[in-house]
Structure formats: C-alpha cells, structure tokens
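For reference, the structure discussed in these notes is given below.
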Amino acid sequence: MTDFGEHLGLKAAFSRPSSKSSKDSADQERNTSQSRCNTALDREKSTLSGAQGVLITELAYESDGEEERDKHDDAQLVENTSDKQPIEDTSSTSSDAKRKSQIETKINPPDIFNDQEWDTDLEDEEETTDMGPPFRGLYSYACDRYGCNPKSYFMRHIEDKEVKMRHHGFTKSESYALAEVLKSIITVDTLDLEDNWLRNVGCKQLCKMMLDNDNIHEMNLSQNQLGIEAAIQIGRMLKTNHTLQSLSLAANAFEDNIAELLAEPLEDCRLKFLRLSKNQFGDRTGQILGGVLAANDYIETLDISWNMIRGIGATSLAKGLKENIRLRVLDLSWNGFGEKGGIAIAEALLVNSTLAELNLSANRLNDSVATKFAKVIAVNEVLEILKV
C-alpha cells in the first residue's frame with residue numbers, strides 16, 4: 001500500500017510543473033508572439049514603402065511626360081499661329097452688322113409688292129384652269145334661289161366645251177337657273193337644248209343671257225314650243241350678239257308671222273349656219289328669206305326643209321340665190337316647189353358661183369326641171385352635190 005501511494009505521489013509530482021517554471025514558459029511565449037507581430041509589422045512597412053516608391057516613381061514619370069507634351073503642344077501652337085492671320089473678335093463685329101441691318105431695314109422697308117422679299121412658295125404653284133367647283137356652286141346657288149333641283153347631267157358636264165342636254169324637260173325655274181349660271185361660265189362653246197319645252201319664258205331668259213355671252217358659238221333651240229315672244233327675243237339677241245355662228249330653230253311650229261319678226265335681224269346677223277326646218281313656213285316666208293339671201297354676206301348653210309314654201313315663195317328664194325355671194329349649202333327638200341319653182345332655182349344656179357350643195361328632193365319636180373338642171377350641170381363648175 002505504501003509503495004503504491006508513493007508511486008502515485010511521485011507520478012503526480014513529476015507531471016505537475018512548478019509555479020516558477022510555468023511563469024517562465026508564459027513569458028517566453030509572449031516574447032515569441034511579440035517577436036512574430038514585430039516581424040509581420042516590419043514586413044508590411046517594407047511592402048508599403050516599396051509600393052509608395054513605385055507610385056512616386058510613376059507619378060514623377062507621368063509628370064515629366066506631361067511637361068514634355070505641354071512643351072511640344074505649345075511649340076506646335078506657336079508654329080501654327082505664326083502662319084495664320086490673327087483671329088478677330090467676331091462677336092462685336094456681328095453685333096455691329098446686325099444693328100446696321102436693322103437701321104437699313106427701318107430706312108428702306110421691304111417692297112410688299114415684290115415676291116422676292118418674302119419667304120413664300122406661292123410662285124411655285126401651277127396655275128389651274130379647273131373652274132368646275134366654283135361653277136357648280138353657282139349653279140347650286142341659282143337652283144336654290146329659284147326653288148328647283150340642279151340637273152345632275154349639267155352638274156357633271158358643266159366644265160365641258162359642249163353641253164348637250166336633249167329631252168330633259170326644263171321647268172320655268174330650271175330654265176331660269178340654267179340661264180343665270182351660263183352668264184358666268186366661259187368654257188361652254190356649244191349649247192344643245194333640243195326638245196326641252198323651254199317655251200317663251202325659258203327662251204327669253206336664254207336670249208337675255210346671250211346678250212352678254214360671247215363664248216357660246218353654237219346654240220340649238222329646236223323643238224321647244226317657241227312662239228312670238230321667243231321670236232322677238234331671238235331677234236334682239238341676233239342684233240346684239242355677233243359671236244354666235246350657228247342657230248337651230250327647227251320644229252317649233254313657226255309660221256309666217258315669226259319669219260316677219262326675224263327678217264331684219266337675219267339680214268344683218270353674223271350667223272354661218274341657220275336651220276329653220278320642220279316648221280310651218282309658207283310663201284310669205286319664202287319671200288322674206290329671199291331678201292335675207294340677197295342681203296346677208298355671212299350665212300353659209302341654210303336649211304328650210306320640211307316647210308310649205310311654194311309658188312311665189314320658191315321664185316323669191318331663187319331670186320335671192322342669184323344675188324347671194326356666200327351660201328355654200330342649201331336644203332329646200334320637202335316643200336312642194338313644183339315645176340315653176342324648180343326651173344327658177346335652176347336658172348339661179350346659172351348665175352350663182354358659190355353654192356356647192358343643193359337638195360331639192362320631194363318637191364314635185366318634172367322632166368322639164370330635170371332637163372333644165374342637166375344644162376346647169378354642164379356649165380356650173382362650183383356645184384358638187386345635187387339631189388332632186
């Protein structure tokens with residue numbers, strides 16, 4: 001037991017160091033740690049001082065480079081400016097020029113009538129001749145004024161050179177509106193209003209329109225139930241209007257009294273074409289038209305077919321034909337001239353030197369008339385067409 005205890009005691013004494021020895025060991029460890037820290041700190045200082053040296057070297061190099069570049073740039077600038085004119089201060093010069101321009105503008109204001117003084121592109125616009133829309137507006141306004149509806153055909157063709165409106169049946173208001181707008185339209189050259197029942201009122205308005213219109217050269221008023229009042233207005237129009245060249249008054253049931261109203265105007269008119277066919281003209285009209293042929297120097301074509309001219313009327317026409325110096329085409333068909341009237345026309349052709357075409361069809365001509373015309377053909381060098 002004692003040995004075992006002693007043994008344990010010795011073991012314990014051997015394994016537990018003394019207090020002095022432990023203190024020395026701790027001091028040694030602290031010194032070692034302090035030495036290690038000092039070594040690491042010296043190493044960091046050495047690293048920082050090395051980096052600082054490199055940075056200082058780089059900055060010094062960059063500074064030297066910048067100084068060299070600045071010296072080079074200054075030398076280049078001096079060299080460039082030595083070959084150029086000195087730069088002027090344009091701010092004051094520009095300001096002075098602006099004030100001078102303002103003073104000159106006040107003294108000499110721009111010419112408002114000179115297009116070059118204005119910034120405009122109006123002069124680049126092409127001129128237009130499209131007057132349709134304004135004329136359509138005028139026609140619509142006229143229809144509203146007279147309480148009628150516009151004619152759709154006329155609205156579509158209001159710009160056309162030829163306005164052909166047959167069988168439309170114009171009322172009084174519609175004829176008023178048409179005549180109203182035709183006073184302003186300058187594009188219409190031919191106006192064809194055949195078979196529209198214009199009667200005296202409508203014809204009167206159109207004739208008044210023609211007093212001021214010098215653009216319409218052809219006018220067709222055939223088959224419109226015209227009477228004495230219309231004939232009076234037509235006569236007045238023919239005395240005043242000298243631009244109308246063609247007039248058709250066919251199929252209006254005209255009688256000799258109408259011819260008397262038209263006699264004087266027809267003698268002095270400037271018409272080149274006159275159609276009076278399909279009326280009820282008799283011998284008195286033949287006498288009147290004979291005087292017209294003798295006096296008028298403008299009519300080139302005369303159509304009086306489908307009437308009732310006989311006897312003295314036929315011989316009067318023949319007499320006027322002898323004196324005429326302008327007529328080129330004469331249609332006397334369907335009148336009933338008979339032998340006496342036919343021979344009178346044949347004898348007139350022995351004198352007339354202008355007529356090129358003659359139609360005497362359906363006039364009850366006989367062999368004596370045919371023999372007479374055979375002699376005419378032998379000597380007349382102007383006549384080209386003869387229908388008998």
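Position 59 of the sequence shown, counted from 1, bears residue number 59 in the UniProt record's numbering, the numbering being contiguous throughout.
Cβ atoms here follow ideal geometry from the backbone N, Cα and C, with glycine treated the same way.
Since we're looking at a predicted model, the values are computed, not measured.
For residue 198, count neighbouring C-beta atoms within 10 Å of its own C-beta (all shown protein chains included) and say buried if the count is 16 or more, exposed if not.
buried
Can you give me the C-alpha to C-alpha distance between residue 210 and residue 217, rounded to a whole angstrom?
10 Å
Tell me the DSSP bridge mates of residue 248?
220 and 275
What's the call for residue 372, buried or exposed, on a 16-neighbour Cβ count within 10 Å?
buried
For residue 339, does the three-state DSSP call read helix, strand or coil?
helix
Can you tell me whether residue 212 is helix, strand or coil according to DSSP?
Per DSSP, reduced to three states, the secondary structure at residue 212 is helical.
Suppose contacts are defined by Cβ-Cβ distances below 8 Å. Is residue 255 in contact with residue 292 by that definition?
no
Where does residue 350 sit, in a helix, a strand or coil, going by DSSP?
coil
What do you reckon, are the CB atoms on residue 224 and residue 193 nearer than 8 Å?
In contact: residue 224 and residue 193 (Cβ atoms closer than 8 Å).
According to DSSP, simplified to helix, strand and coil, what is residue 303?
In this structure, residue 303 counts as strand in the three-state DSSP scheme.
Let's see if you can read the secondary structure: which residues bound the beta strand (DSSP E) around residue 385?
Looking at the DSSP string, the run of the beta strand (DSSP E) that includes residue 385 is 385-387.
State the beta-bridge partners of residue 163 as determined by DSSP.
191
On the CB-based measure, 16 or more other CB atoms within 10 Å of its CB, does residue 152 come out buried or exposed?
The C-beta of residue 152 has fewer than 16 other C-beta atoms within 10 Å across all chains shown, which makes the residue exposed.
Beta carbon of residue 274, beta carbon of residue 258: below 8 Å?
The beta carbons of residue 274 and residue 258 sit no closer together than 8 Å.
To the nearest angstrom, report how far apart residue 176 and residue 322 are at their CA atoms.
43 Å
Residue 465 and residue 361: beta carbons closer than 8 Å?
Residue 465 falls outside the range modelled here, since the chain spans only 1 to 388, and no answer is possible.
Could you give the distance in angstroms between the alpha-carbon of residue 154 and the alpha-carbon of residue 165?
8 Å
For residue 163, which residues of its own chain have a beta-carbon under 8 Å away from its beta-carbon, when the five flanking residues on both sides are left out?
154, 157, 188, 190, 191 and 192
Note the first and the last residue of the continuous beta strand (DSSP E) segment covering residue 359.
357-359
Figure out for me which residue from 271, 186, 379 and 227 has the closest Cα to the Cα of residue 251.
227
Note down the Cα distance separating residue 363 from residue 333, rounded to an integer number of angstroms.
Taking the straight line joining both Cα atoms gives about 6 Å.
Are there 16 or more other CB atoms within 10 angstroms of the CB of residue 367, so buried, or fewer, so exposed?
exposed
Which residues does DSSP list as the beta-bridge partners of residue 329?
301 and 357
So, with DSSP's three-state summary, where would you put residue 253?
coil
Using a Cβ-Cβ cut-off of 7 Å (strictly less than) and excluding sequence neighbours within five positions of residue 353, which residues of its own chain qualify?
382
Name the residue from 184, 182 and 147 whose alpha carbon lies nearest to the alpha carbon of residue 171.
Measuring from the Cα of residue 171, the nearest candidate turns out to be 147.
Going by C-alpha distance, which of 349, 230, 239 and 180 is nearest residue 376?
349
Quick one: what does DSSP say residue 170 is sitting in, helix, strand or coil?
Three-state result, residue 170: coil.
Give the secondary structure of residue 381 by DSSP, where H, G and I count as helix, E and B as strand, and everything else as coil.
coil
State the Cα-Cα distance for the pair residue 231 and residue 378, rounded to the nearest angstrom.
42 Å
I'd like to know whether the C-beta atoms of residue 325 and residue 282 end up nearer to each other than 8 Å.
no
Report, in whole angstroms, the separation of the C-beta atoms of residue 276 and residue 249, which I expect to be a contact under 8 Å.
6 Å
Under 8 Å between the Cβ atoms of residue 138 and residue 181?
Yes, these two residues count as a Cβ contact at 8 Å.
Around the Cβ of residue 303, are there at least 16 other Cβ atoms within 10 angstroms (buried) or fewer (exposed)?
Residue burial annotation: residue 303 is buried, with at least 16 other C-beta atoms found within 10 angstroms of its C-beta.
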